[in-house]
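Asks:
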Amino acid sequence: MKNTKLVSIVIPCYNDKDYIQESVNSALNQSYENIEVIIVDDGSNEATKKVLATINNHKKVKLITQENKGLSAARNTGIVNANGEYIAALDADDIFENTFIEKASSILNQQSMVGVVGCFSNYFVEKGKVIHKTCPEGGNIENFLFCNNTMASSLFRKQCWLDANGFDENMKKGYEDWEFWISVTKQSWQVHIIKEFLFNYRKKETSMLQTTNLLYEEENYQYVLNKHKDLYIKDFDKTIAFLQKRTLRYKTNEIKRLESIDYRIGNIILRPLRLLKKVILR
Numbered sequence: 473m474k475n476t477k478l479v480s481i482v483i484p485c486y487n488d489k490d491y492i493q494e495s496v497n498s499a500l501n502q503s504y505e506n507i508e509v510i511i512v513d514d515g516s517n518e519a520t521k522k523v524l525a526t527i528n529n530h531k532k533v534k535l536i537t538q539e540n541k542g543l544s545a546a547r548n549t550g551i552v553n554a555n556g557e558y559i560a561a562l563d564a565d566d567i568f569e570n571t572f573i574e575k576a577s578s579i580l581n582q583q584s585m586v587g588v589v590g591c592f593s594n595y596f597v598e599k600g601k602v603i604h605k606t607c608p609e610g611g612n613i614e615n616f617l618f619c620n621n622t623m624a625s626s627l628f629r630k631q632c633w634l635d636a637n638g639f640d641e642n643m644k645k646g647y648e649d650w651e652f653w654i655s656v657t658k659q660s661w662q663v664h665i666i667k668e669f670l671f672n673y674r675k676k677e678t679s680m681l682q683t684t685n686l687l688y689e690e691e692n693y694q695y696v697l698n699k700h701k702d703l704y705i706k707d708f709d710k711t712i713a714f715l716q717k718r719t720l721r722y723k724t725n726e727i728k729r730l731e732s733i734d735y736r737i738g739n740i741i742l743r744p745l746r747l748l749k750k751v752i753l754r
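In the working numbering, the protein residues as written are 473 to 754.
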């Protein structure tokens with residue numbers, strides 16, 4: 473099948489001057505030629521804006537600038553301005569392999585019930601060394617209720633975004649991609665996974681996103697479960713089992729922490745200081 477459908481690759485960017493060029497290059501170097509690249513500058517600093525100004529010279533690249541509104545809002549802005557029937561939301565520090573769009577769009581062309589196509593992913597550090605691999609399963613709503621089963625940068629039909637009412641702009645503390653896939657599969661769309669490593673996720677040593685996800689993990693879970701409570705009530709037994717498993721995990725981790733050598737040594741070191749504090753407070 474010929475490459476007839478336009479694919480819009482939306483790249484939100486917030487202070488990613490060191491990585492944005494590499495991500496844009498991975499979008500422009502796709503074997504699938506009928507693409508447009510939409511960069512949404514989400515209130516970046518001046519150093520990033522200078523880099524974006526040079527990238528904007530490419531005929532397939534469109535730059536949109538807005539005040540900082542968060543990842544979901546930036547993705548929505550890009551998609552609103554996208555002309556493509558198929559959309560991929562690529563983060564500004566991640567990288568597609570050059571055949572991903574071609575292979576993913578072919579599946580969307582051939583399978584009308586499939587709304588989203590993902591793939592296996594490499595997690596790499598700054599020097600390019602792969603430190604972890606993920607092999608999501610895709611599937612339907614049941615596969616997404618308790619975990620994210622595709623990558624954030626999967627290719628999806630613009631109709632899926634319309635059906636899901638876009639990315640939830642209230643979610644500014646992580647997990648917005650998982651919630652989006654729940655909203656999409658809730659509308660009976662299927663998620664197909666290409667069993668090839670065609671996506672590269674940059675794992676920064678000091679990633680603000682990772683820190684945010686950890687700090688607000690429980691808040692995010694509560695928000696998602698409340699937003700889609702009809703689904704979780706319907707699968708009540710599985711929901712209870714899921715929550716019990718999470719609670720057990722936290723208890724296990726806390727026991728490990730209390731029994732760790734570092735914790736015990738820390739207690740020994742701090743004991744004289746605690747005694748001194750008690751004497752002073754008297």
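For every residue, glycine included, the Cβ atom is placed at its ideal position computed from N, Cα and C.
#1: Buried or exposed: threonine 476, going by 16 or more other Cβ atoms within 10 Å of its Cβ?
#2: Which first and last residues belong to the beta strand (DSSP E) in which tyrosine 558 is found?
#3: Using DSSP bridges, identify the partner residues of valine 588.
#4: For aspartate 702, does the three-state DSSP call read helix, strand or coil?
#5: Unbroken beta strand (DSSP E) runs of length 3 or more, entirely within the segment 489-530: which are they?
#6: Which two residues bound the contiguous alpha helix (DSSP H) that contains threonine 657?
#7: Given asparagine 612, which residues of its chain have a CB within under 7 Å of its CB, disregarding the five upstream and five downstream residues?
#8: Which first and last residues belong to the alpha helix (DSSP H) in which threonine 549 is found?
#9: What first and last residue would you give for the alpha helix (DSSP H) that runs through isoleucine 573?
#10: Go through its chain and collect everything with a Cβ distance to leucine 562's Cβ below 8 Å, but skip five positions before and after it.
#11: Could you round the C-beta distance between glutamate 557 and arginine 629 to whole angstroms and report it? I think they count as a contact, below 8 Å.
#12: Per DSSP, which one or two residues make a beta bridge with proline 484?
#13: Got a sec? Which residues, its chain only, sit under 8 Å from phenylalanine 756 by beta carbon, not counting five neighbours each side?
#14: Could you please give the first and the last residue of the uninterrupted beta strand (DSSP E) stretch that includes glutamate 533?
#15: Please determine, among Phe714, Ile527 and Ile507, the residue with the shortest C-alpha to C-alpha distance to tyrosine 491.
#16: Checking the sheet assignment: what are the DSSP bridge partners for glycine 611?
#17: To the nearest whole angstrom, what separates the beta carbons of lysine 605 and phenylalanine 592, a pair I think is in contact under 8 Å?
#18: For the candidate residues Leu703, Ala525 and Thr622, whose alpha-carbon lies nearest to that of tyrosine 647?
#19: In angstroms with no decimal places, state the Cα-to-Cα distance between isoleucine 705 and aspartate 565.
#20: Here's the rule: buried if 16 or more other CB atoms are within 10 angstroms of the residue's CB, otherwise exposed. What is asparagine 637?
#21: Between the Cα of glutamate 508 and the Cα atoms of Leu478, Ala713 and Gln631, which residue gives the shortest distance?
#22: Rounded C-beta distance between threonine 537 and lysine 489? I'm assuming under 8 Å.
#23: If we ignore side chains and look at the alpha-carbon of each, how far apart do arginine 743 and glutamate 691 end up?
#24: So valine 589 and isoleucine 654 are supposed to be a Cβ contact under 8 Å. How far apart are they, rounded?
#25: Is aspartate 476 helix, strand or coil by DSSP?
#26: Quick one: what's got a C-beta closer than 8 Å to glutamate 553's C-beta in the same chain, skipping five residues either side?
Replies: Short version:
#1: Classification of threonine 476: exposed, given that the 10 Å Cβ count is below 16.
#2: That run of the beta strand (DSSP E) goes 558-561.
#3: In DSSP, valine 588 forms a bridge with Phe628 and Val663.
#4: Of the three classes helix, strand and coil, the one that applies to aspartate 702 here is helix, per DSSP.
#5: Every unbroken stretch of the beta strand (DSSP E) spanning 3 or more residues and falling wholly within the segment 489-530 is given here in chain order: 507-514.
#6: For threonine 657, the uninterrupted alpha helix (DSSP H) segment begins and ends at 648-657.
#7: So the list reads Thr657 and Gln662, once near-sequence residues are dropped.
#8: Taken as a continuous stretch (DSSP letters only), the alpha helix (DSSP H) holding threonine 549 covers 543-552.
#9: 572-582 is the span of the alpha helix (DSSP H), which, as asked, contains isoleucine 573.
#10: Exclusion of the five residues before and after leucine 562 leaves Ile481, Val482, Ile483, Ser495, Ser498, Ala499, Phe568 and Ser625 as the residues of its chain whose Cβ lies within less than 8 Å of its Cβ.
#11: Indeed, because the Cβ distance is near 7 Å, the residues count as touching under 8 Å.
#12: Bridge partners of proline 484 according to DSSP: Val512.
#13: Because the chain spans 473 through 754 in this model, residue 756 falls outside it and cannot be assessed.
#14: Here residue 533 turns out to be valine, not glutamate, going by the sequence shown. Residues 533-538.
#15: Comparing Cα-Cα distances from tyrosine 491 to each of Phe714, Ile527 and Ile507, the minimum goes to Ile527.
#16: Answer is Val663, bridged to glycine 611.
#17: Their Cβ separation, rounded to whole angstroms, is 7 Å, which keeps lysine 605 and phenylalanine 592 in contact under 8 Å.
#18: Ranking Leu703, Ala525 and Thr622 by CA distance to the CA of tyrosine 647 puts Thr622 first.
#19: Using only the alpha carbons, I get a separation of about 37 Å.
#20: Exposed: under 16 other Cβ atoms inside 10 Å.
#21: Of all alpha-carbon atoms in Leu478, Ala713 and Gln631, the one lying nearest the alpha-carbon of glutamate 508 is that of Leu478.
#22: Not quite, the Cβ-Cβ distance comes to about 15 Å (not below 8 Å), so this is no contact.
#23: If you take the alpha carbons of arginine 743 and glutamate 691, they lie about 35 Å apart.
#24: Not quite, the Cβ-Cβ distance comes to about 17 Å (not below 8 Å), so this is no contact.
#25: This sequence places threonine at residue 476; aspartate is not what is there. In the structure shown, threonine 476 sits in coil (DSSP, three-state: anything other than H, G, I, E or B).
#26: Checking the sequence shown, residue 553 turns out to be asparagine, not glutamate. Within the same chain, and ignoring the five residues on either side of asparagine 553 in sequence, the residues whose Cβ sits closer than 8 Å to its Cβ are Ile510, Lys534 and Ile536.
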